[in-house]
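Only one structure is covered here, and it is reproduced in the block below.
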Amino acid sequence: MDCGSISTAVPWSSIPMFIVSSSHNAHTVRTPMKNIIKPSWPLLFACILLPFLAEAEEAKTIRDQAPTTALSIQADQLSIDKDKQFSRYTGHVQMTYADKRLTAEQVDIHFKDGALSDIIATGNPVTIEIDDPQGKIHGEAGEVVFSLTEQILRLTSSARLDRDLDHFSGEWIEYHMDTHQISAKKPVEGGEQVKMIIRAPAITPDSTQEK
């Protein structure tokens, strides 16, 4: 029974009127109690609470079905602000998140609606290692941002990233965690140009000849 969708309309003429006298009232009007339908309070409360319980159960189901990834952090100091859904780790920070390992001087973790949202690491430099399907990644930057909503790992401030034989350097490098693609750009006018070195064997005429 969906109590949240129940709607009843009762005409006022069918409701018996009665007055209960007090010690200061000499006149009393009583109506037979058999004409009054007593409400079932347990059923009434159940009808009121059922929509809220259903909504809570639905939210719990969504959380249970959502993928979870373990986040492990070690640091010298920790401060937490539950109202702002924010925590800060400072001093020799070591963090492991899925296949990513990071060291930094400070790591800020932001939550949104109880879920992990962004991770911001700063250091001189921040170092990161990633077990990428296309080759092991090693990166360094003044700041590394994990944008979990965008599934992007962003390195800024003297950033460099090595994957297998490929080398990227610049002021702004992005690693797309879902597609494993790497992109880099020059952030501002006059900034450092993007550099890329590809170490791959060259194709020689002999290698293209049919056997």
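Remember, the numbering used here sits 2 above the position in the sequence shown when you count from 1.
Heads up, the beta-carbon is just placed ideally off N, CA and C, and yes, glycines get one too.
Assuming Leu155 and Tyr177 are in contact, meaning their beta carbons sit under 8 Å apart, how far apart are those beta carbons, in whole angstroms?
4 Å
Quick one: measure Cβ to Cβ for Leu163 and Ile184, integer angstroms, because I've assumed they're closer than 8 Å.
6 Å
Cα-Cα separation between Ala186 and Thr158, rounded to whole angstroms:
10 Å
C-alpha gap between Gly141 and Lys84, whole angstroms:
31 Å
Please state whether DSSP places Tyr99 in a helix, a strand or coil.
strand
Measuring straight from C-alpha to C-alpha, what distance separates Thr124 and Gln108?
5 Å
So, with DSSP's three-state summary, where would you put His112?
strand
Where Thr181 falls: helix, strand or coil (DSSP)
coil
What do you get for Ser74, buried or exposed, if any count of 16 or more other CB atoms within 10 angstroms of its CB means buried?
exposed
Under 8 Å by Cβ, that's how I've got Tyr99 and Thr71 pegged, so tell me the actual separation to the nearest angstrom.
6 Å
So, at 6 Å on beta carbons, what are the nonlocal neighbours of Arg90 in its own chain, with the 5 sequence-adjacent residues on each side left out?
Ser81 and Asp110
Cutoff 6 Å; reference Arg103; Cβ partners in own chain excluding five residues on either side
Glu131
Cβ of Asp101 versus every heavy atom of the ligand SAM: is any distance shorter than 7 Å?
This structure lacks the ligand SAM, and indeed carries no ligand of any kind.
Helix, strand or coil: how does DSSP classify Ile121 here?
strand
In terms of alpha-carbon separation, which member of His182, Ser160 and Gln136 lies closest to Gly172?
Ser160
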